[in-house]
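The structure appears below as structure tokens.
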Amino acid sequence: MKPYGYVFGMGLQKALAYRADFLLTLASCIFPILMQVCLWTALYAAGAADTGGYTYEQMILYTLLAGITARIVATGFENDVAQDIKDGGLNKYLVKPVDYGGYYFAQFLGGKAGPIAFLLAVTTAVLAGAAAVLGTAFSPLRLGLYALSLAGATVLNFVLFYAIALLGFWLTEIRQLFGTIAIVILVASGGVFPLDIFGPVGRWMAAALPFGYTTQFCVNIVTGRLAPGQIALGFAAQWLWAGAFAALCAVLWRQGAKRYTAVGG
Amino acid sequence: MKHLAKRLRYYLGLLGLFAKYSLMEQMAYRINFIAGIAVECGYMLIKLMYAVLILRAGAEINGLTAHEMLMCIGTYIMVTGVYMGIYPNYWALPLSVRDGSLDMQLTKPVNTQFLVTLRKLDFGMPIPDVACGLALIVYGWQRAGLPVTPGAVAGFAVYCLAGWFLTYCLFLIPELLSFWFVSTNGVQALSSAVFDFNNTPMNLYPKWVQRLGILLLPVFLITNFPTLYVMGALSPAMQVWGLAAPLAVFGIQRAIWRRAMRQYTSASG
Chain B
0 MKPYGYVFGM
10 GLQKALAYRA
20 DFLLTLASCI
30 FPILMQVCLW
40 TALYAAGAAD
50 TGGYTYEQMI
60 LYTLLAGITA
70 RIVATGFEND
80 VAQDIKDGGL
90 NKYLVKPVDY
100 GGYYFAQFLG
110 GKAGPIAFLL
120 AVTTAVLAGA
130 AAVLGTAFSP
140 LRLGLYALSL
150 AGATVLNFVL
160 FYAIALLGFW
170 LTEIRQLFGT
180 IAIVILVASG
190 GVFPLDIFGP
200 VGRWMAAALP
210 FGYTTQFCVN
220 IVTGRLAPGQ
230 IALGFAAQWL
240 WAGAFAALCA
250 VLWRQGAKRY
260 TAVGG
Chain L
0 MKHLAKRLRY
10 YLGLLGLFAK
20 YSLMEQMAYR
30 INFIAGIAVE
40 CGYMLIKLMY
50 AVLILRAGAE
60 INGLTAHEML
70 MCIGTYIMVT
80 GVYMGIYPNY
90 WALPLSVRDG
100 SLDMQLTKPV
110 NTQFLVTLRK
120 LDFGMPIPDV
130 ACGLALIVYG
140 WQRAGLPVTP
150 GAVAGFAVYC
160 LAGWFLTYCL
170 FLIPELLSFW
180 FVSTNGVQAL
190 SSAVFDFNNT
200 PMNLYPKWVQ
210 RLGILLLPVF
220 LITNFPTLYV
230 MGALSPAMQV
240 WGLAAPLAVF
250 GIQRAIWRRA
260 MRQYTSASG
């Protein structure tokens with residue numbers, strides 16, 4: 000485990016190297032949240048919102064938390080993996096006594112540690128604000144389950160995007176498509192709007208596909224939309240999907256490594 | 000005047016050449032071309048979700064009907080498409096400052112800003128945005144029952160052009176910060192987020208946000224003014240401001256550009 004600890008440390012240092020940049024990037028996620036709060040406020044005020052059963056308070060809370068949650072679980076390493084495969088950068092990892100996926104996971108967690116700590120502080124402030132302004136009560140149990148679901152969501156999102164990145168063994172120009180894939184997954188995860196508001200299809204997408212378990216499931220634990228049984232089922236689905244994608248990554252890696260041709264010396 | 004016309008013809012000719020070479024380059028890598036369209040379709044999906052929500056609500060909000068709001072969103076999608084056509088240049092600017100490849104551009108006998116911001120034109124990314132934006136505008140215009148007169152169409156087109164020019168100037172400013180800072184990702188993310196305020200019409204925002212977005216950081220002019228003009232909802236003062244603001248921002252952007260050029264020392268210098 001020692002090498003991975005060092006990689007974790009390197010990821011942490013890298014993330015903290017451009018603090019102002021990080022804070023500005025974080026500030027940028029305030030605007031879409033503010034925009035959506037204004038949109039929902041106007042729609043609810045006009046009595047015209049078709050919201051799949053969300054009360055105004057639940058919708059505002061969802062908007063606030065989904066923006067933060069999507070940021071917490073966001074990846075961003077997939078370009079590096081695809082580049083390694085395409086340009087031969089993978090060579091240096093193949094001769095090292097480390098697992099490539101484990102290396103990136105440690106680096107991913109290291110890079111995430113600082114931002115997650117900060118974002119959790121923001122989440123706490125949001126929840127305190129929601130309790131004061133919207134009058135919403137949060138039980139410690141639900142908050143604890145939310146934190147637990149975030150851990151599962153982070154792992155699930157990592158293996159999901161790692162599997163997509165490994166397609167670089169077969170598709171040399173996949174990097175351009177990462178933007179599209181990331182946006183479609185963001186929408187399908189409920190990171191923009193809750194999927195429930197799009198009727199039965201949206202509800203089916205949230206329950207049957209893996210994406211909803213990275214954002215919507217976590218947020219709805221806090222908004223109180225899920226009964227205890229649904230939460231338990233959600234956790235099971237979240238980790239089952241994570242396991243399934245981890246297995247898929249292992250298969251993709253084995254098959255991909257066989258056809259990989261090292262470029263350069 | 001004659002000299003000005005000659006210069007304009009010269010630069011239009013250059014722009015034509017840039018377009019030709021960019022198209023040839025993109026046709027050489029067709030998968031990338033298609034991938035560019037796919038990427039933009041992804042972003043368009045999010046913008047369309049806002050349109051769907053507003054259309055489904057179908058209510059009049061703060062003086063705008065759902066179809067008029069659809070026109071605003073359509074304008075935003077279309078202007079975004081045109082902006083994406085030149086975006087590769089914006090994306091490349093910080094990199095060329097960092098690695099010193101801007102040096103070569105400075106030696107060319109043309110205006111450097113013209114060269115740096117318009118050299119590469121993307122023809123793939125604008126396709127879905129412009130097509131979808133136009134479709135939303137036409138549909139919204141027709142369903143809103145607004146007059147389709149030559150004056151209204153011309154006014155709409157003029158404010159769209161002004162909006163695009165404003166976008167060009169306003170969103171070049173964050174890229175220019177790369178002359179002073181190593182990493183500008185944060186500022187770029189922030190400016191994109193501000194631009195995305197146009198995902199919904201400005202009438203959905205509180206008055207103070209509207210004032211900020213019209214007068215201080217005039218992003219709302221880009222996509223709201225064309226529709227408001229057609230509706231006859233723009234006061235004479237706002238009609239003037241809609242055309243003056245892009246020029247004012249252009250002046251500010253040029254001043255920053257000149258300072259940035261003085262600051263530039265080349266990566267190897």
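If you're matching them up, the sequences are chains B and L in order.
With numbering that gives the first Met the number 0 as the guide, the letters of the first sequence map in order to residues 0 to 264.
With numbering that gives the first Met the number 0 as the guide, the letters of the second sequence map in order to residues 0 to 268.
Glycine included, C-beta positions come from ideal geometry on N, C-alpha and C.
The structure displayed is predicted, hence computed values, not measured ones.
Residue-chain proximity (residue i, chain L), Cβ-Cβ < 8 Å
i      : result
B/I163 : no
B/D20  : yes
B/A14  : no
B/L166 : no
B/T214 : no
B/Q175 : yes
B/L23  : yes
B/G75  : no
B/G264 : Because B/G264 sits at a pLDDT of 46, beneath the cut-off of 50, its placement in the model cannot be relied upon, and the following sentence gives the value as read from the coordinates. Answer no: the Cβ-Cβ gap between B/G264 and chain L never drops below 8 Å.
B/A45  : yes
Close-in-space but distant-in-sequence residues of the same chain around residue i (CB under 7 Å, 5 per side omitted)
i      : result
B/W290 : Outside the displayed span of chain B (0 to 264) sits residue 290 of chain B, for which this structure offers no information.
L/I213 : F219 and L220
L/L22  : F122
B/F137 : L126, A130 and V221
L/V115 : N88, L92 and Q104
B/M204 : A187, L194 and G211
B/R18  : none
L/N202 : I60, N61, G62 and L63
Contact set between residue i and chain D, taken where Cβ atoms lie within less than 8 Å
i      : result
B/V250 : Given the protein chain composition of this structure (B and L), no chain D is represented.
Residue from the options with nearest C-alpha to residue i
i      : options                          : result
B/V125 : B/G113, B/T68 and B/K91          : B/T68
B/R70  : B/P227, B/V191 and B/G223        : B/V191
L/L44  : L/G73, L/L63, L/A18 and L/G62    : L/G73
B/A164 : B/G198, B/E77, B/T122 and B/A129 : B/E77
B/P114 : B/A73, B/A65 and B/G128          : B/A73
B/L108 : B/F177, B/A120 and B/G8          : B/G8
L/A130 : L/S191, L/V239 and L/I36         : L/I36
L/M260 : L/T111, L/V137 and L/L160        : L/T111
Same chain only: Cβ atoms within 8 Å of residue i, ignoring 5 sequence neighbours per side
i      : result
B/R147 : According to the sequence shown, residue 147 of chain B is Leu rather than Arg. Cβ within range, chain order: F234.
L/A254 : none
Short CB-CB distance (under 8 Å) between residue i and chain B
i      : result
L/I251 : no
L/C40  : yes
L/G35  : yes
L/S234 : no
L/S191 : yes
L/T264 : no
L/G268 : The pLDDT assigned to L/G268 is 48, lower than 50, so where the model puts this residue is not dependable, and the model offers no usable value.
L/G185 : yes
Per-residue contacts from residue i into chain B (C-beta, under 7 Å)
i      : result
L/Y89  : Here the premise fails: no neighbours, minimum Cβ distance about 16 Å.
L/F188 : According to the sequence shown, residue 188 of chain L is Ala rather than Phe. Simply L23, T24 and S27.
Partner residues on chain B for residue i, Cβ-Cβ distance less than 8 Å
i      : result
L/F196 : F30 and M34
L/P205 : C37
L/L44  : I182, V183 and V186
Contact set between residue i and chain L, taken where Cβ atoms lie within less than 7 Å
i      : result
B/Y17  : S182
B/G178 : V38 and G41
Proximal chain L residues relative to residue i, where beta-carbon distance stays under 9 Å
i      : result
B/L42  : L52, I53, A56, A58, I60 and L203
B/A231 : None at all; the shortest Cβ gap to chain L is about 31 Å.
Listed by chain order, chain L residues near residue i by CB distance under 8 Å
i     : result
B/A81 : Near B/A81 there are no residues of chain L at all, since even the closest Cβ is about 13 Å away, more than 8 Å.
Within chain B, the residues that residue i reaches when beta carbons sit closer than 9 Å
i      : result
L/T148 : Result: empty, since nearest Cβ-Cβ is about 30 Å, beyond 9 Å.
L/T199 : M34, Q35, C37, L38 and A41
6 Å Cβ shell around residue i - same chain, five flanking residues per side excluded
i      : result
L/P217 : A244
* In chain order, what residues of the segment 183-198 of chain B put their CB closer than 9 Å to some CB of chain L? -> Answer in chain order: V183, L185, V186, V191, F192, I196 and F197.
* Asked: Can you list, in chain order, the residues of the segment 46-68 of chain L whose Cβ is nearer than 9 Å to any Cβ on chain B?
  -> Those would be M48, Y49, V51, L52, I53, R55, A56, G57, A58, E59, I60, N61 and A65, in chain order.
* At a Cβ cut of 7 Å, what residues of the segment 67-81 of chain L count as close to chain B, listed as they run along the chain? -> Result list empty, no residue passes.
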